[in-house]
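Worksheet: the structure to be examined is printed underneath.
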Amino acid sequence: MGIVPGDAIMADKKTILYVLTSGIDTPERAYSPFVLATTAAAMGVDATVYFLGRGVTVAKTGEADRIKLGEFPKLSDVIKRAVDAGVRLMVCDQSSQLLGLDRGDYIDAADVVGAATLNDLALDADAILSF
Amino acid sequence: MAEQEQKIVATLDMTGCFCPEPIIRISEEIANIGLGEIMEMLADDPSAGSDMKSWAKRTGHELVLVEESDGVARFLVRRTG
Numbered sequence: 036m037g038i039v040p041g042d043a044i045m046a047d048k049k050t051i052l053y054v055l056t057s058g059i060d061t062p063e064r065a066y067s068p069f070v071l072a073t074t075a076a077a078m079g080v081d082a083t084v085y086f087l088g089r090g091v092t093v094a095k096t097g098e099a100d101r102i103k104l105g106e107f108p109k110l111s112d113v114i115k116r117a118v119d120a121g122v123r124l125m126v127c128d129q130s131s132q133l134l135g136l137d138r139g140d141y142i143d144a145a146d147v148v149g150a151a152t153l154n155d156l157a158l159d160a161d162a163i164l165s166f
Numbered sequence: 224m225a226e227q228e229q230k231i232v233a234t235l236d237m238t239g240c241f242c243p244e245p246i247i248r249i250s251e252e253i254a255n256i257g258l259g260e261i262m263e264m265l266a267d268d269p270s271a272g273s274d275m276k277s278w279a280k281r282t283g284h285e286l287v288l289v290e291e292s293d294g295v296a297r298f299l300v301r302r303t304g
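Respectively, the protein sequence lines represent chains A and B.
Just so we're aligned: 133 in our numbering is position 98 of the first sequence, and the numbers increase by one with no gaps anywhere.
Just so we're aligned: 288 in our numbering is position 65 of the second sequence, and the numbers increase by one with no gaps anywhere.
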């Protein structure tokens, strides 16, 4: 359904799952899920960002501190803002092993979870966006 | 003066700010006014018009007026919940 101007009927609480599979080597892809998720929270939508595959590198402690693009704040600040807005962060630690990366210490806000959790989130979500 | 203009209790000037700042800020600030009261927001981000309609649709707050003058959009939003 498209956007209906003036439609003030509040929809049921929706959920969006953002899956980040891009890592710190493609920082321009890493901003989007957090900006969108923060905005989703402001819209009354439950938002979760799941770090999968190379995406787990973004959740490693200190990595997002080193990323800053253009006029945007540091990626770590964008992530913090998302967390402060109520966005949940989940990280697949096994992804590091899969890619031969050092398994990581992750930012405090991220919970280490498994594949079943991602599948469950996907089945429950109203929309899934992958970056 | 229209009734809705009389109920404006706060103004949020977001001119010079870009997406998603206006949406984030009004979602924070509207919690500080009473139910039924109206917040005014000014924004010159070209995406603000579309985003405000979507935001209002999802949150249930009522977008009672949108008007534009010299590239600055003015929104009046009634807090509903």
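C-beta atoms are modelled at their ideal positions from N, C-alpha and C, and glycine is treated no differently.
Residues of the segment 58 to 81 of chain A with a C-beta less than 7 Å from any C-beta of chain B: V70, T73, T74, A77, M78, G79 and V80, listed in chain order. Looking at the DSSP output, I261(B) bridges to I231(B) and R301(B). Within the segment 102 to 159 of chain A, the runs of alpha helix (DSSP H) at least 4 residues long that lie entirely inside it are, in chain order, 110 to 119, 129 to 134 and 150 to 159. The segment 54 to 66 of chain A makes no contact with the segment 254 to 265 of chain B; the number of CB pairs closer than 8 Å stays below 3.
Per DSSP, the continuous alpha helix (DSSP H) segment holding A271(B) begins and ends at A271 to T282. Around the CB of L258(B), fewer than 16 other CB atoms lie within 10 Å, so the residue is classed as exposed. Cβ-Cβ distances below 7 Å link V70(A) to V113 in the same chain, with the five nearest sequence neighbours on each side left out; the list follows chain order. Under a criterion of Cβ atoms nearer than 7 Å, the residues of chain A adjacent to I247(B) are, in order, T73, T74 and A77. Contact of T282(B) with chain A by beta-carbon distance below 9 Å involves M45, A77, M78 and G79.
Beta bridge pairing from DSSP links I51(A) with A82(A) and A162(A). Of the candidates T96(A), A151(A), F107(A) and A65(A), A65(A) places its Cα closest to the Cα of V84(A). Take the alpha-carbon of G283(B) and the one of K49(A): they are about 13 Å apart. Between A233(B) and E252(B), the beta carbon gap of about 7 Å places them in contact (Cβ cut-off 8 Å). Residues of the segment 240 to 272 of chain B with a Cβ closer than 7 Å to any Cβ of chain A, in chain order: P243, I246, I247 and S250.
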